[in-house]
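Residue numbers (full-length UniProt numbering): 1 to 308.
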């Protein structure tokens, strides 16, 4: 058996192998300055490298700011309309032909987007669409700008040969939300409010997706449609909504999609009705508003209502 004896009683010295590491005594002052000089040299190299990185970051920052200043968007007047494939929706409308679509409107809250959508309908459907204007007995007086001259630029068709007719009826609201749409089937008014009316006609014109669409752009479109209605109804919220719209349009030419949609149409309509001139708008809203106003379908509304 092996006998274990205490090491401290041994009368021999332990010899360390040559392969073992020799660690310096950290408690003992070094007599040479070579390690300190090497550390200082490495530190100076690191600081110089960090200085190079800092200078490069500053150069990139200045270049980005300069590019941002030079690339501020300006009114182009070349915005186009977003297009959607709504063939099934149009087949549904065709099944109702001959269709007389009654749009009941309040003169104090006119849907300025209606003549614009009518122009788009006649262009997109590639078929004659008749337009008739009526004044209900509940309306005692109607501004001249909202009479037939408001739609005088509309193409003239033989109404007897048209299978699709839009009847605009000016009436005072009596317990119902205006505008509203009546398809002429029964006596029910099927669509109420600016957003619903605009979406119905925009779907027929192919500038709004009538099918289920979960894209982010469609969500933005619906949100800004509701904000347009809020701007029209709640005067105290207008300043906040304008600021929000200005920030939203900072990097965009249109509100929801890369091209114009009913969100642009509704927002432009309520802004034009409340201000008519873009001088008081924030810069991005002014750029977008002027770009829309320069288009032919908008300029007709501007021409007839700028003095109203």
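Glycine included, each C-beta is placed from N, C-alpha and C at the ideal position.
Per DSSP, residue 100 forms a beta bridge with which residues? 165
Do residue 59 and the ligand SAH come close, with the Cβ less than 7 Å from some heavy atom? Of the ligands one can find in the structure shown there are none, so the ligand SAH has no counterpart to examine.
Are the CB atoms of residue 136 and residue 81 nearer to each other than 8 Å? no
Considering only C-alpha positions, which residue in the set 262, 231, 39, 179 is nearest to residue 102? 179
Please name the residue, chosen from 142, 287, 204, 36, that lies closest to residue 123 on a Cα-to-Cα basis. 204
Quick check on the DSSP output: the beta strand (DSSP E) that includes residue 131 runs from which residue to which? 129-135
Among 262, 245, 269, 263, which one has its Cα closest to the Cα of residue 285? 245
From what residue to what residue does the alpha helix (DSSP H) around residue 181 run? Unbroken run through residue 181 is the beta strand (DSSP E), 180-182; no alpha helix (DSSP H).
Pairing CB atoms from the stretch 215-226 with CB atoms from the stretch 129-143, are three or more of them under 8 Å? no
As a quick exercise: from 273, 99, 198, pick the residue whose alpha carbon is nearest that of residue 235. 273
Determine the direct distance from the alpha carbon of residue 96 to that of residue 127, and round the result to whole angstroms. 15 Å
Per DSSP, which one or two residues make a beta bridge with residue 81? 260
If I'm right that residue 115 touches residue 229 with Cβ under 8 Å, what's the distance once you round it to whole angstroms? Incorrect: roughly 19 Å between the Cβ atoms, too far for contact.
Strictly by DSSP, which residues pair up with residue 91? According to DSSP, which records beta bridges pairwise, residue 91 is partnered with nothing at all.
Based on DSSP bridge pairs, tell me the residues matched to residue 192. 180
For residue 47, count neighbouring C-beta atoms within 10 Å of its own C-beta (all shown protein chains included) and say buried if the count is 16 or more, exposed if not. exposed
Between residue 183 and residue 190, how many whole angstroms is the CB-CB distance? I'm expecting something under 8 Å. 6 Å
Could you tell me the boundaries of the alpha helix (DSSP H) in which residue 111 lies? Neither: residue 111 is in no alpha helix (DSSP H) and is coded neither H nor E.
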